[in-house]
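Below: the structure, in structure tokens.
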Amino acid sequence: MKYASVIININTKKLKDPFTYIVPPSLADKVRIGSVVDIPFGKGNNLKKGYVIELSDSLSFDVRKYNLKEIVSVSEDISFDSELVDLAVFISKRYFTTLSKAFNTILPSKIDTSHRKEVYIHLIKDRNFVIDYIERNKEKKSFNKRIMVLEYLLNYGNVKRTTLLKDINVSRTVLDTLERSRLINMISNVSIRLPYDSSKIARKNKLIPNIEQAKAIDTVSKSMLRNKSEIYLLHGVTGSGKTEVYLQLIEETLSIGKTAIFLIPEISLTHQTVRRVMARFGDVVGVIHSRLSAGEKYDQWMLAKEGKLKVIIGPRSAVFTPFLDIGIIIIDEEHEGTYKSEQEPKYNAREIAIKRADFHKCPVVLGSATPLVENYHKALNNKYILLTLGDKAQNDNRVDVEIVDMRQELKNDNNSIFSKSLKEAIEDRLNKKEQIILFLNSRAYARSLNCLSCGYVAKCSHCDVSYHYHKNENALICHYCDSKKAVFKTCPKCGSSKVKALGIGTQKVEQLLNETFPEARVLRMDLDTTSGKFGHDAILSAFAKHEADILVGTQMVVKGHHFSNVTLVGVLSADISLYTNDYRASERTFQLITQVIGRAGRGIKEGRGIIQTYSPSHYSIESSQSEDYISFYQREIMFRKMGNYPPFTNILVFMISSKNERYTEKLINRLITYLKTDDDRYEVLGPTKPSRDKLADSYRRVIYVKSNSYQLLLQMIEFMRKAKNKEDYEKLATLSADINPTYMWGD
Ligand code: ADP
Ligand code: ZN
Ligand code: ZN
0 MKYASVIINI NTKKLKDPFT YIVPPSLADK VRIGSVVDIP FGKGNNLKKG YVIELSDSLS
60 FDVRKYNLKE IVSVSEDISF DSELVDLAVF ISKRYFTTLS KAFNTILPSK IDTSHRKEVY
120 IHLIKDRNFV IDYIERNKEK KSFNKRIMVL EYLLNYGNVK RTTLLKDINV SRTVLDTLER
180 SRLINMISNV SIRLPYDSSK IARKNKLIPN IEQAKAIDTV SKSMLRNKSE IYLLHGVTGS
240 GKTEVYLQLI EETLSIGKTA IFLIPEISLT HQTVRRVMAR FGDVVGVIHS RLSAGEKYDQ
300 WMLAKEGKLK VIIGPRSAVF TPFLDIGIII IDEEHEGTYK SEQEPKYNAR EIAIKRADFH
360 KCPVVLGSAT PLVENYHKAL NNKYILLTLG DKAQNDNRVD VEIVDMRQEL KNDNNSIFSK
420 SLKEAIEDRL NKKEQIILFL NSRAYARSLN CLSCGYVAKC SHCDVSYHYH KNENALICHY
480 CDSKKAVFKT CPKCGSSKVK ALGIGTQKVE QLLNETFPEA RVLRMDLDTT SGKFGHDAIL
540 SAFAKHEADI LVGTQMVVKG HHFSNVTLVG VLSADISLYT NDYRASERTF QLITQVIGRA
600 GRGIKEGRGI IQTYSPSHYS IESSQSEDYI SFYQREIMFR KMGNYPPFTN ILVFMISSKN
660 ERYTEKLINR LITYLKTDDD RYEVLGPTKP SRDKLADSYR RVIYVKSNSY QLLLQMIEFM
720 RKAKNKEDYE KLATLSADIN PTYMWGD
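In this text, residue positions in the sequence shown follow this note's numbering: the first is 0, and each later residue adds one.
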């Protein structure tokens, strides 16, 4: 008899452990580790889906005492490989979550198998080969029909067979001949919903790498050929041509028959990256991200698993692409916080990538102009291998960057949000028909609505945060829970009419731009103006076509975009990210400013950057003026060392949240008794309130544990998991745990 341990896919916290099922002889050769199965569950024997994580021939307990049930059927469409099963186990332990949630994170969102069967045709060989083939055979009469098909496919790329047969007058046998000669491929198991059409993207050849690029490509390629899971940190200044390095590494990978995962920080960058990669490699390139439909995602997943796609691009979840033979994993803009999930399981795609690379014995490349301080520290200490691109790839137009002291502007009676310098520069670019990007790390019209008489501030009743004032929607909106409240003209507390909106957001900047530069066309890009699959793209492509002169926006304008006509970048208030209650505040400020300034001077014209700030001599602002990462790093690492922050220690955060404040307090006080010992390998701080102690009606309390030993903290998570099982509170409260979180809870 064979038995299977099955994780049942139901979202209740009680069902953490696998259940044992009998594998009936009829299914014995179908059930494998990683299979998705249907099983009867509970008193009513309702059919549920489950994941097989273990198989055995015997049991450690007496079978007769338990009424074991049988697996009913096996889903043929989807299964895990043992690597991904191990990964799920790792995720559940490391990120404090259930196995079922871990599996759901790895699987495409819906196990959707209701596909119409449709046959798709595409070219296997690359374009040059096909063109060559046509040239060689075009005189031969017997090749006429075959050439018609090939030319059609060169024009239209991936097409349905029915469409092709309708469009050109050929028979099925011609297609069969072409398939036999390994020129085309016909895929029939699922209908392939392609999110991008590679045939519409013009092909581009590779560039000749400069010396530094060549060295980077060469070094990583050697790791790849030797099957070494080495981790590279590619530190290249903005515009130094990191993408070309990635592309040539992918080419190496494909040439040895392996596959590549290319992670990017955000969906808004997917489109342009996909275009650049498809322009090089055509339709072996796929995309996985959360805005694809369930069907599209499933198709990409399956095509990758079957080896029909060779390169997958996407944000963090693409790290789970079920490739069997990964040759390289690339993480672009590795410093971005988005590589860490903010929802359970709070996995870190960088960590998962390194874990997978270890399994596949392939290198990982972490690329950035502003690497994470922790990672640069690792590179300097030989845990990672440092590669440097020190110069711009295309031109040596250094961007001329000016820091404007806004305190001085006030003294000179300028209380506008545009300094004299910035205003003149904007006018100058508008006259020259050049474009401008303005960055402000705050959306909405204003950050709060305040009464100047009594000091009243409208706060969300569900969260410990003030409402943002959205003028276009004429509402107060909470940026955490999205709840809304009516705008008031007189103070609800004292009746005064001295009500004022404070703290400028992008909506207000847009309005002020329209007032100050009436002739300028302004586009705004923030969470409020971008939604839907192509929301970002619409704005970016309009800007690229010069349908607007000024693009104003939040973080979204910072990353990776490439506009050759942008010659001025303004940072309206560099301080917003500087004074948050988080040891990473300076680092984040340096990253944001450097990256946004890097958007200037990408073309042949001279670029200029203007940074407005109230703290002009802060090192994170000073160093970003000359994009001097090393100088920033040296000062930052001293601060980390003195304050005993990562990378000199690790911080484990336990958080309790529940709807009842007193209960939250009681629990956190009970949990801390499990941790307080005189063990000097770690230090316990708290319990305390995080900087936002109430969000969406949940009260939150935290305990911090600091230790040099990462392993010890992992053990403490496991230990707390057991303690948690003893305390029976799960219906009322949630406990979460995270090591070195990107944001120290809620900032
Ligand atoms: P990064 O990602 O490092 O900010 P990009 O990859 O966007 O920089 O490259 C900046 C520009 O330099 C791009 O327009 C790219 O086409 C160009 N470029 C990169 N490498 C080369 C090269 N070896 N020769 C010529 N141009 C290059
Ligand atoms: Zn008042
Ligand atoms: Zn709220």
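The beta-carbon is built from N, C-alpha and C at its ideal position, and this holds for glycine as well.
Collapsing the DSSP output to three states places residue 495 in coil.
Inclusion of residue 482 in the 7 angstroms shell around ligand 3 follows from its C-beta lying nearer than that to a non-hydrogen atom of the ligand. Per the Cβ contact rule, the segment 148-160 is in contact with the segment 118-136 (3 or more Cβ pairs under 8 angstroms).
Less than 8 angstroms separates the beta-carbon of residue 234 from that of residue 628. Taking all protein chains in view, the Cβ of residue 538 is crowded by 16 or more other Cβ atoms within 10 Å, so the residue is classified as buried.
Here the distance from the Cβ of residue 206 to the nearest heavy atom of ligand 1 is below 7 angstroms. The segment 27-35 and the segment 47-60 touch, with no fewer than 3 CB-CB distances between them shorter than 8 angstroms.
Following the DSSP letters along the chain, one finds residue 508 inside the alpha helix (DSSP H) bounded by residues 505-515. As summarised for the segment 513-575, the continuous alpha helix (DSSP H) elements at least 4 residues long and confined to that stretch are 534-543, given in chain order.
Put simply, the backbone Cα of residue 171 is about 11 angstroms away from that of residue 148. Note that the C-beta distance between residue 656 and residue 553 is not below 8 angstroms. For residue 632, the enclosing alpha helix (DSSP H) starts and ends at 628-642. Between residue 485 and residue 444, the gap from beta carbon to beta carbon reaches 8 angstroms or more. Residue 459 has its CB no nearer than 7 angstroms to any heavy atom of ligand 2. When DSSP reads this structure, residue 655 sits in a beta bridge with 700 and 734.
Put simply, of 523, 498, 346 and 569 the residue whose alpha carbon is nearest the alpha carbon of residue 90 is 346. Ranked by Cα distance from residue 550, the options 510, 666 and 492 are led by 510. Note on geometry: alpha-carbon atoms of residue 691 and residue 667 lie some 16 angstroms from one another. When the five nearest sequence neighbours on each side are left out, the beta carbons in the same chain lying within less than 6 angstroms of the beta carbon of residue 37 are those of 46, 71 and 72, in order along the chain. With a beta-carbon spacing of about 5 angstroms, residue 287 and residue 299 fall inside the 8 angstroms limit used to define contacts.
Residue pairing by DSSP puts residue 434 in a beta bridge opposite 565.
Contact fails between the segment 305-324 and the segment 234-245, because fewer than three Cβ pairs, one in each stretch, are under 8 angstroms apart. A distance below 8 angstroms separates the beta carbons of residue 257 and residue 325.
Sequence-distant partners of residue 440 (beyond 5 residues in either direction) whose C-beta falls short of 8 angstroms from its own C-beta, in its chain, are 553, 554, 572, 575, 576 and 591. Spatial neighbours of residue 673 in its own chain (CB-CB distance under 8 angstroms, excluding positions within 5 residues in sequence) are listed in chain order as 718, 719 and 722. Here residue 473 has 486 as same chain residues with Cβ atoms under 8 angstroms from its own Cβ, once five neighbours each way along the sequence are excluded. Taking C-alpha positions only, residue 337 is separated from residue 360 by approximately 26 angstroms. Residue 376 sits in a helix when the DSSP states are folded into three classes. Looking at 126, 570, 280 and 463, the one whose alpha-carbon comes closest to that of residue 403 is 570. Pairing residue 450 with residue 492 gives a Cβ-Cβ distance under 8 angstroms. The bridge partners DSSP lists for residue 285 are 311.
For residue 297, the uninterrupted alpha helix (DSSP H) run begins and ends at 293-304, by DSSP. CA-to-CA, the gap between residue 703 and residue 405 works out to about 37 angstroms. Under the three-state reduction of DSSP output, residue 365 falls in the strand class. Annotation: the continuous beta strand (DSSP E) that includes residue 401 extends over 399-404. Contact check for residue 567 and residue 424: beta-carbon distance about 5 angstroms, within the 8 angstroms limit, so the pair qualifies.
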